[in-house]
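Residue numbers (the UniProt record's numbering): 1 to 178. All C-beta atoms in this analysis are idealised placements derived from N, C-alpha and C, irrespective of residue type, glycine included. First up is the structure itself, then whatever we jot down about it.
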Amino acid sequence: MRLSALVAGILMAAYLLMRPYPDDLTSPWWIAAHVCGIGAFIALAALADRIGGPGRPVTALGAALVLPYYGAETFGLAAGADPVATRMQPVALAMFGLGLLLVAVGGILLARRRPAAWPLGVLMALVLPQFYLPAYGRMAFGVAFLAAAIWLVARQSARMRREISAAAVSSARWSTGG
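Here it is as structure tokens:
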């Protein structure tokens, strides 16, 4: 779970920090950044799978619906496809929007299941609105996403250390008869 969270945070930050602003569809940075975005959504689905509960299928379906749009953005636009026609294609746009809404719901469900995940869950819910921010806002969102992922990893690591310590103390008491 910690690895999935960290990978999602790093890749979302890389996507939003590396992508050219304004859109430079022919730049190699465009492709590299969007591939990072694709990886971030895959890692979020993996994170939801590890945490479990109702957020698991919701986040996985959301990521699955988002990925084809990212593929068109990544490779279609870089190959010279018409940006407006590609981005506004009705089925693609509906899948993308529904996917982002499901990722948002999945983020809230993850936060409810694992309190340490609430910062990341809230930011998952804000992925759709961040598209309307100026470049510096989108970059700040990426950094915040990474910080939230690091927070989750740190909290989970601390929780595991406490559980291991408690188990060791309990085991020591049992073995000494105390």
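**Continuous beta strand (DSSP E) assignments of at least 3 residues falling wholly in the segment 51-88** = none
**Request:** Following the continuous alpha helix (DSSP H) through Ser-4, name the residue where it begins and the one where it ends.
**Result:** 2-18
**Asked** Contact check, Val-143 vs Ala-13 under 8 angstroms by CB: the rounded distance?
**Response** 6 angstroms
**Prompt:** Since Thr-86 and Ile-31 are thought to touch, with beta carbons under 8 angstroms apart, how far apart are those beta carbons, to the nearest angstrom?
**Reply:** That belief does not hold up - the Cβ atoms of Thr-86 and Ile-31 are roughly 15 angstroms apart, past 8 angstroms.
**Message:** At the level of alpha carbons, what is the spacing between Pro-119 and Ala-8?
**Reply:** 13 angstroms
**Endpoints, the alpha helix (DSSP H) within which Pro-119 is located** = 118-125
**Asked** Can you give the Cα-Cα distance for Ala-45 and Arg-113, rounded to whole angstroms?
**Response** 15 angstroms
**Asked** By a C-beta neighbour count over all protein chains shown, 10 Å radius and 16 as the cutoff for buried, is Val-91 buried or exposed?
**Response** exposed
**Prompt:** Between the segment 51-59 and the segment 19-27, do three or more beta carbon pairs fall short of 8 angstroms?
**Reply:** no
**Residue nearest to Ala-140 in terms of C-alpha spacing, selected from Ala-154, Leu-123, Arg-155** = Leu-123
**Request:** Output the distance between the C-alpha atoms of Leu-6 and Ala-72, rounded to the nearest integer angstrom.
**Result:** 26 angstroms
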